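Heads up, the thing below is written out as structure tokens.
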Amino acid sequence: MLSTRPNLARDISIAAVALIVLLLLPYVWPSRMMNDLVIRVSAFALFATSLNLLVGYTGMVSFGHGMFFGFGAYAFGLSMQRLGVSIPTAILITIVSSALLGLVVGAISIRLKDIYFSFITLAFQMLLYSTVIAWVPLTGGDQGLMGGIPRPPFLGIDLSIESHRYAFAVTIMVVGLLILRQIVESPFGYTLRMIRDNTERATFLGINVFRAKLTAFVIAGVFGSLGGMVMALFVSGAYPEFVNWTMSGEGIFMIMLGGLSTFIGPAAGALILSLLNDVITRGTEHHGLFLGAVILLFALGLRKGVTDFIADWFRTRREASTRSGN
Amino acid sequence: MNLAALMDCLTSASCLVTQTTSGLIIGMLLFLVAAGLTLIFGVLKVVNFTHGSFYMLGAYLAYTVNGLTDSYVLAVLAAATGVGIFALIFERFFMSKVYGSNVLMQLLVCYAFILILDDAVKIIWGPEFKSMGMATAFQKPPLFIAGGIVPVFYLFLIIVTLVISAALYLVITRTRFGTVVRAAAVNPSMVSALGINTGLVYSGVFVLGGMLAGLAGGLAAPVRSLTAGMGFSILIESFIVTVIGGMGSIAGALLGSVLIGLVRSFGSIGFPLFVEGLMFLLMAVILILKPSGLLGKEG
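Line by line, the protein sequences are chains A and B. If you're matching positions, the first sequence starts at 1 in the numbering used here and goes up one per residue. If you're matching positions, the second sequence starts at 1 in the numbering used here and goes up one per residue.
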């Protein structure tokens with residue numbers, strides 16, 4: 001199925017170049033702050049791109065995607081702290097358990113349409129949030145998972161070393177985005193677009209819409225939780241803010257900011273929002289006031305994501321050149 | 001979990017009375033917020049995520065006016081009017097610009113305002129918890145009904161919110177404004193073709209919803225501690241209420257509010273740490289059984 005796609009080789013080379021550039025970055029520009037930023041953006045890029053699989057490609061506006069980000073962070077942290085397993089095993093546990101969570105939440109939520117779907121996903125997220133806050137013996141309540149996450153070395157990788165952690169995070173991000181890219185460009189990805197544009201037509205053509213949506217929901221959940229896992233590794237803990245509604249709000253702002261009509265848009269949005277958050281946090285105590293003003297300017301002024309503008313610019317240029325060519 | 005305590009309460013008349021009144025208070029205040037939310041959604045098909053912040057603003061306005069004038073009545077009126085004016089500005093200059101856009105843009109505008117208002121409240125009134133204190137008129141010994149303790153203020157709150165609910169019902173069903181609003185909810189282009197300025201109707205509905213939320217904030221101020229995050233928790237609760245009752249249905253909002261109020265007040269005895277979770281559980285169950293809500297229209 002994948003081998004029939006002519007762009008596969010191109011995608012793999014773009015991913016390889018991106019990975020090499022990111023891996024070389026600390027040597028060209030050694031800076032602790034830079035490394036931290038790249039790791040955080042890697043976590044958010046996975047989170048936002050997986051959310052866009054639902055919002056942009058399938059037309060399912062989930063308000064509760066932060067649930068998976070937080071769940072991934074807690075599932076990974078708890079596996080390491082409580083079960084004492086190796087890191088690859090903990091990653092496997094995180095993937096399987098978040099897929100199960102996605103299956104259960106998805107099977108219930110997908111039955112509902114439009115705004116009701118949005119609400120029930122938000123409700124499930126807040127249910128998880130309340131559970132995290134209330135189940136103090138397991139999760140540490142509002143203090144979060146304290147005491148650090150153990151990082152035993154595996155396969156020659158020692159994640160307690162900063163440079164290893166950095167390489168690990170960017171590799172997971174690049175490979176994750178590459179897989180997501182293959183999913184959205186596969187026949188299944190085009191099925192999702194058809195469901196978004198014309199659900200009736202998809203049903204008429206014999207597509208099991210429920211199963212396709214559920215599959216998308218589970219995939220998005222797994223990649224969202226991988227984002228949370230990268231974050232948990234980075235901060236060596238998990239905090240209730242990861243599960244809170246603001247996480248979902250930021251995810252939606254990331255995909256809108258970057259643009260939801262291009263594949264890389266949400267990742268670009270993750271970068272822009274992280275930079276913006278850094279600048280605002282450094283410059284002022286009034287984080288909400290300034291971030292809010294920026295969001296307003298964006299929503300009422302630009303109304304389009306950054307990559308949408310770039311894509312439009314290329315399109316008009318190409319159209320202009322074909323017209324002059326005639 | 002403490003099921004024994006819950007059983008004890010359910011079998012004792014005094015506890016039953018106390019918990020039911022406190023549940024009704026929570027429910028009726030919630031109804032004022034949720035009614036506005038559901039009204040705005042029913043007519044404009046817009047989900048006003050800032051509705052909780054309207055409530056918060058009402059509470060803080062009441063706190064300030066009460067401090068200045070020492071009159072609780074003036075404080076509540078100021079809360080309703082002030083928030084009504086704010087809702088008008090918000091609708092005219094911000095929300096109306098994104099009516100035609102997708103729901104994500106509307107969500108972003110509201111998200112921005114939640115962040116801004118929470119911060120503005122911290123700047124103006126300070127980040128610490130504020131408490132308004134009981135108005136002097138209500139500083140009376142509580143009533144005892146079947147052994148249960150019922151503060152006079154609670155009784156006042158229940159009566160006032162019931163009167164407002166009745167007035168809202170009359171406005172929607174008996175007045176010309178109400179007729180236009182109901183018509184606009186069903187077929188806005190027809191209403192506009194009949195020569196009615198729908199933009200004005202939309203503003204009116206937003207202001208009405210905002211006033212109700214401000215009123216609820218003002219009424220709740222003496223019995224709640226005021227903090228910058230208070231808007232979001234009531235927003236989530238009013239969502240649950242509107243979803244349980246059926247989006248766009250005011251009667252459904254009333255039913256949902258009372259239900260949630262009782263779940264909160266009895267749940268806090270049986271499951272003190274999982275009260276919030278209980279509400280979400282109730283919502284999930286109802287959504288699965290009847291996706292359009294208890295009194296919502298199918299489709």
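By construction, the Cβ of each residue, glycine as well, lies at the ideal position given by its N, Cα and C atoms. Every value quoted in this text rests on a predicted model; they were computed, and no experiment measured them.
Buried/exposed call for residue i, threshold 16 Cβ in 10 Å
i	result
phenylalanine 119(A)	buried
threonine 49(A)	buried
proline 153(A)	exposed
tyrosine 166(A)	buried
tryptophan 245(A)	buried
alanine 166(B)	exposed
asparagine 303(B)	Residue numbering for chain B in the displayed model covers 1 to 299; residue 303(B) lies beyond these limits and cannot be assessed.
glutamate 319(A)	exposed
leucine 289(B)	exposed
glutamine 139(B)	exposed
alanine 328(A)	Past the edges of chain A, shown from 1 to 326, lies residue 328(A), and the structure says nothing about it.
serine 131(B)	exposed
arginine 315(A)	exposed
arginine 201(A)	exposed
leucine 212(B)	buried
leucine 162(B)	exposed
valine 96(A)	exposed
9 Å Cβ cutoff, residue i in contact with chain B
i	result
lysine 113(A)	yes
threonine 49(A)	no
phenylalanine 217(A)	no
leucine 2(A)	Below a pLDDT of 50, predicted positions are generally treated as unreliable, and leucine 2(A), at 49, falls in that range; no measurement from the model is reported.
serine 118(A)	yes
serine 130(A)	yes
valine 243(A)	no
arginine 303(A)	yes
leucine 192(A)	no
valine 306(A)	no
leucine 296(A)	yes
phenylalanine 287(A)	Residue identity check: residue 287(A) is histidine in the sequence provided, not phenylalanine. Taking Cβ atoms only, chain B reaches closer than 9 Å to histidine 287(A), which makes this a yes.
leucine 101(A)	no
valine 21(A)	no
methionine 229(A)	no
glycine 292(A)	yes
alanine 123(A)	yes
leucine 300(A)	yes
alanine 134(A)	yes
Cβ-Cβ distance between residue i and residue j below 9 Å
i	j	result
phenylalanine 239(B)	leucine 16(B)	no
glycine 229(B)	aspartate 118(B)	yes
tryptophan 135(A)	glycine 144(A)	no
isoleucine 234(B)	methionine 105(B)	no
glycine 228(A)	phenylalanine 47(A)	yes
leucine 24(B)	valine 263(B)	no
glycine 296(B)	glycine 245(B)	yes
glycine 231(B)	threonine 50(B)	yes
phenylalanine 129(B)	threonine 227(B)	yes
aspartate 197(A)	threonine 262(A)	no
glycine 249(A)	leucine 170(B)	no
CB contact below 9 Å: residue i versus chain A
i	result
glycine 82(B)	no
leucine 232(B)	A small fix is needed here, since residue 232(B) is phenylalanine in this sequence, not leucine. It does: the Cβ of phenylalanine 232(B) has a partner Cβ on chain A nearer than 9 Å.
proline 291(B)	yes
valine 243(B)	yes
isoleucine 116(B)	yes
valine 163(B)	no
Those residues which DSSP pairs with residue i across a bridge
i	result
leucine 215(B)	The partner list for leucine 215(B) (beta bridge, DSSP) is empty, contrary to what the question assumes.
phenylalanine 63(A)	Phenylalanine 63(A) pairs with nothing; no bridge assigned.
phenylalanine 144(B)	Ile149(B)
alanine 238(A)	Leu145(A)
isoleucine 157(A)	Phe154(A)
serine 225(B)	Ser131(B)
Nearest-angstrom Cβ-Cβ length linking residue i and residue j, presumed shorter than 8 Å
i	j	result
tyrosine 60(B)	tryptophan 125(B)	6 Å
glycine 288(A)	isoleucine 89(B)	Actually they do not touch by this definition, with Cβ atoms about 19 Å apart.
phenylalanine 206(B)	alanine 34(B)	That pair is no contact at about 15 Å.
methionine 146(A)	glycine 237(A)	7 Å
glycine 277(B)	serine 86(A)	Not confirmed; about 33 Å, so no contact.
isoleucine 272(A)	glycine 258(A)	7 Å
leucine 180(A)	alanine 45(A)	Leucine 180(A) to alanine 45(A), Cβ: 10 Å. No contact.
threonine 171(A)	leucine 19(A)	7 Å
glycine 102(A)	valine 175(A)	At roughly 20 Å, the Cβ-Cβ gap does not stay under 8 Å, so glycine 102(A) and valine 175(A) are not in contact.
alanine 4(B)	leucine 296(A)	Not really, about 51 Å apart at Cβ, beyond 8 Å.
glycine 242(A)	methionine 231(A)	Rather than glycine, the amino acid found at residue 242(A) in this sequence is phenylalanine. Phenylalanine 242(A) to methionine 231(A), Cβ: 7 Å. Contact.
C-beta neighbour in chain D for residue i, strict 9 Å
i	result
aspartate 119(B)	Absent from the structure: chain D. Protein chains present are A and B.
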